[in-house]
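Structure first, then comments.
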Amino acid sequence: MNNIEQIKNESIDEFSSIATQERYAKIAEEGFWKSEKLLIDKYFKPKSKTFDIGCGSGRTAIALAQSGYEVIGIDITPKMIETAKTIALSKNIDIDYVVGDATNLKFPENYFDGSIFANNGWVQIPGKENRQKALNEIYRVLKPGGYLILTAHQRYYSGSYFFFWIKNWVKYYILRKIGFKIEEVDFGDLFFKRDFSDKKIKQRQFIHITSKKEVKEQIINSGFKLKFRKSMGEISNEDAKVMKGSLKKNFNSFKSPIFYVCEK
Ligand SMILES: C[S@@+](CC[C@H](N)C(=O)[O-])C[C@H]1O[C@@H](n2cnc3c(N)ncnc32)[C@H](O)[C@@H]1O
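By my numbering, the letter at position 239 of the sequence shown is numbered 788, and the numbering carries on one by one without gaps.
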């Protein structure tokens, strides 16, 4: 098994763990972030066919369905889809949930009106080539004129992150070149433990922290036009105050995550 396969499997295992599933069952109740809602209202056609990629337990899928959209949600983690189905059933909400991998979509081209890869799911795909494949696939299944909304955490070099990235740079660009074995596939790869995870269990999660330039290049390479790019905090002051997730204390929401709106 290569590094990428191993990271992918570890990530699915962590997303399937009891503690993370319990957390995601709560997250499903949180609804749209303010920033998401503003962009969805602006870019998605009301009541159209939307695609929630990396839907998890259904936080955005539920909110979309409750706003009148037809929703198909996919996730690579079977446990997430199981939880999402149970929650939707308990709420009597009609959402079509399927286990699926964003890098290899089982939908025809020009099928969806709009799509969302929420809460940094896209950057939890290990390997730059795989992230590119996912964008290419989403481009293929979207109708012309349709939008993809995604978020990605961004690398910046201030505060406690300054030395962190310098150390990682040396590791990736120097130590690896002279033969050291390292796990990171791309510069910017990061492994983290959640606030609530049992420290005795050796379970960690993967995320790739991007540069704005790299994301823009990947979006353009897939055929999309980059329509809009702003940080969560710049879009909504309210989200800036209540930044979510285990990485929240590490990021300043005026710098990260960044919302990207892509037009086919
Ligand atoms: C941070 S969670 C976000 C879940 C949900 N969108 C939300 O906002 O609550 C990221 C999700 O992306 C999923 N994911 C990661 N890689 C994926 C891939 N290649 N295809 C589909 N889903 C993927 C994970 O299983 C996980 O459920």
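Ideal Cβ placement from N, Cα and C applies to all residues, glycine included.
- Task: Could you name the residues that DSSP lists as bridge partners for L691?
- Result: The residue labelled residue 691 in the question sits at position 142 within the sequence shown. F661, per the DSSP bridge assignment.
- Query: Three or more C-beta pairs closer than 8 angstroms, one from the stretch 685-701 and one from the stretch 614-625: is that the case here?
  - Reply: no
- Could you say if the stretch 671-680 and the stretch 643-654 meet the contact criterion of at least three C-beta pairs nearer than 8 angstroms? yes
- Query: CA-CA distance, K628 and T609?
  - Reply: Counting from 1 along the sequence shown, the entry for residue 628 is found at position 79. Counting from 1 along the sequence shown, the entry for residue 609 is found at position 60. Cα to Cα, K628 sits roughly 17 angstroms from T609.
- Task: Ignore the nearest five residues each way along the sequence and tell me which others in A667's own chain have a CB closer than 6 angstroms to its CB.
- Result: Indexing the sequence shown from 1 puts residue 667 at position 118. Excluding residues within five positions, the ones whose Cβ falls inside 6 angstroms are T609.
- Query: Can you tell me the Cα-Cα spacing of E571 and D645, whole angstroms?
  - Reply: Sequence index remark: in the sequence shown, residue 571 carries index 22 (1-based). Sequence index remark: in the sequence shown, residue 645 carries index 96 (1-based). E571 and D645: Cα-Cα distance of roughly 22 angstroms.
- Query: DSSP beta-bridge partners for D738?
  - Reply: Here residue 738 corresponds to residue number 189 of the sequence shown, with the count starting at 1. Answer is H757, bridged to D738.
- Task: Reducing DSSP to helix, strand and coil, say where K557 ends up.
- Result: Here residue 557 corresponds to residue number 8 of the sequence shown, with the count starting at 1. Residue state, collapsed to three classes: helix.
- Query: Would you say A574 touches ligand 1, meaning its beta carbon is less than 7 angstroms from a heavy atom?
  - Reply: The count along the sequence shown starts at 1 and reaches residue 574 at position 25. Flag unset: Cβ of A574 not near ligand 1.
- Looking at the unbroken beta strand (DSSP E) that takes in T599, where does it start and where does it end? The count along the sequence shown starts at 1 and reaches residue 599 at position 50. K598 to I602 is the extent of the beta strand (DSSP E) around T599.
- Do G815 and ligand 1 come close, with the Cβ less than 7 angstroms from some heavy atom? Absent from the structure is residue 815, since the part of the chain shown begins at 550 and ends at 813.
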